[in-house]
Amino acid sequence: MNRTNAGDELAGCVAQLRWHLWGLREAGVRSRAPSAPQSPPRAHPAAPADGRETLSRIGEELQGCTRCGLHSGRANLVFGEGSARSGLVFVGEGPGADEDRLGRPFVGRAGKLLDKMIFAMGLDRTEVYICNVVKCRPPENRAPLPDEVASCAPFLFRQIDALGPKVLCALGLSAAQALLGSSEPLSSLRGKARLWRGMPLVCTYHPAYLLRTPSRKASAWQDLKEIMRLLKP
Ligand code: SF4
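Numbering (our numbering) for the sequence shown: -12 to 220.
Written out as structure tokens, the structure is:
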């Protein structure tokens, strides 16, 4: 076995172990080992030095946004946070109650699960960027309507362009359909990497769905493994 294969095999074992540990924690098994360190995420990563549009500028443009009806019910606009240091950007559907209250993406129960998924991939939340298709909370956590997506998605696309990631991950049906301009079900959109403007896009289940349907976690792990493969240099 050469060194590259041995390294790949070791990385695969570590990832499987992390996934197994996640499963144990989900099942309520606790250990005395300290949990993964959680550094506070940065609100906006540093501007890229290659002249691309900056996230700060896009964020400023969205301040006080009233482009769609979702503005009327929001407490806070949830722009996104993290960095694309790992090359990975997660795109969810829209803020929920906790996110709306705190102005940060994926901070409720689904966010905790997303943290574990990121950890299982050998990454830290600060190394990925997390955002949503719509930046204001849809009432009753419903899926965003087509006109709401149409109003907000251009800002998402500019965010992704500014970040310049290697791989995109769509979390759930709304994000997958918005990015791909598709009306196909998630069962058709996941399972193999797609392309978004020439960039690999992996569609997987939303963590909130995985909380309700743990039997899908094995399939989600396959999607995460595909992302890990695409992120390799
Ligand atoms: S969801 Fe997007 S387009 Fe609609 S009001 Fe909020 S920031 Fe503006």
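Built from N, CA and C at the ideal position, the CB exists for glycine as well.
* What did DSSP end up calling G69 once you bin it into helix, strand or coil? -> One-based indexing of the sequence shown puts residue 69 at position 82. Reduced to three states, the DSSP call for G69 is strand.
* In chain order, what residues of the same chain have a beta carbon less than 6 angstroms from the beta carbon of L160, not counting five sequence neighbours either side? -> Against the sequence shown, residue 160 aligns to sequence position 173. Correct list, in chain order: L173.
* Asked: Measuring CB to CB, does R72 end up less than 7 angstroms from E114?
  -> The count along the sequence shown starts at 1 and reaches residue 72 at position 85. The count along the sequence shown starts at 1 and reaches residue 114 at position 127. Contact: yes.
* To do: Would you give the residue range spanned by the alpha helix (DSSP H) that L217 belongs to?
  => Numbered from its first residue, the sequence shown carries residue 217 at position 230. Counted as a single uninterrupted DSSP element, the alpha helix (DSSP H) harbouring L217 occupies residues K204 to L218.
* Asked: According to the neighbour-count rule (16 or more other Cβ atoms, all chains shown, within 10 Å of its Cβ), is D134 buried or exposed?
  -> One-based indexing of the sequence shown puts residue 134 at position 147. D134 counts as exposed, since fewer than 16 other C-beta atoms from the protein chains shown sit within 10 angstroms of its C-beta.
* Report back the beta-carbon spacing between C190 and L211 to the nearest angstrom; my notes put them in contact at under 8 angstroms. => If you number the sequence shown from 1, residue 190 lands on position 203. If you number the sequence shown from 1, residue 211 lands on position 224. Wrong, their Cβ atoms sit about 12 angstroms apart, outside the cutoff.
* **Complete beta strand (DSSP E) runs within the stretch 40 to 103 (minimum length 3 residues, chain order)** => Runs of the beta strand (DSSP E) inside the stretch 40 to 103: 75 to 79.
* Asked: My guess is that D87 and R61 are in contact by the Cβ rule of under 8 angstroms, so how many angstroms apart are they, rounded?
  -> Within the sequence shown, the letter at position 100 stands for residue 87. Within the sequence shown, the letter at position 74 stands for residue 61. The pair is a contact, with the Cβ atoms about 6 angstroms apart (cut-off 8 angstroms).
* To do: Take the Cβ of P92 as the centre, count every other Cβ of all protein chains shown within 10 Å, and call the residue buried at 16 or more, exposed below.
  => Looking up residue 92 in the sequence shown gives position 105. Buried, because 16 or more other Cβ atoms sit within 10 Å of the Cβ of P92.
* **8 angstroms Cβ shell around R203 - same chain, five flanking residues per side excluded** => Position 216 of the sequence shown holds residue 203. If the five residues before and after R203 are omitted, its C-beta is found closer than 8 angstroms to the C-beta atoms of Y192, Y196 and L197, all from its own chain and listed in chain order.
* Are the beta-carbon atoms belonging to L57 and C123 less than 7 angstroms from one another? -> On the sequence shown, residue 57 is found 70 positions in, with the first residue counted as 1. On the sequence shown, residue 123 is found 136 positions in, with the first residue counted as 1. Yes, the pair counts as a contact, with Cβ atoms nearer than the cut-off.
* **the ligand SF4 heavy atom lying under 6 angstroms from the CB of R54** => Here residue 54 refers to the residue found at position 67 when the sequence shown is read from its first residue. Yes, the beta carbon of R54 sits closer than 6 angstroms to at least one heavy atom of the ligand SF4.
* Asked: In the DSSP assignment, what residue or residues form a beta bridge with N128?
  -> Residue 128 sits at position 141 when you count from the first residue of the sequence shown. None; N128 has no bridge partner.
* Cβ shell of E47 (< 8 angstroms), same chain only, five flanking positions each side left out -> Your numbering for residue 47 matches position 60 in the sequence shown. Within the same chain, E47 has no close Cβ partners at all.
* **Proximity test, R118 beta-carbon vs the ligand SF4 heavy atom, cut-off 6 angstroms** => Stepping through the sequence shown from its first residue, residue 118 is reached at position 131. The amino acid at residue 118 is misidentified as Arg; the sequence shows Cys. Checking the Cβ of C118 against the ligand SF4 gives no.
* Asked: Between which two residues does the alpha helix (DSSP H) carrying V154 extend?
  -> Counted from its first residue, the sequence shown places residue 154 at position 167. Boundaries around V154 are those of the beta strand (DSSP E), V154 to L158, since no alpha helix (DSSP H) includes it.
* Between the C-alpha atoms of C118 and C139, what's the straight-line distance to the nearest angstrom? -> Here the question's residue 118 lines up with position 131 in the sequence shown. Here the question's residue 139 lines up with position 152 in the sequence shown. Between C118 and C139, the C-alpha separation is close to 12 angstroms.
* **Three-state class that DSSP yields for C123 in the structure shown** => Working through the sequence shown from its first residue, we reach residue 123 at position 136. Coil at C123, not helix or strand.
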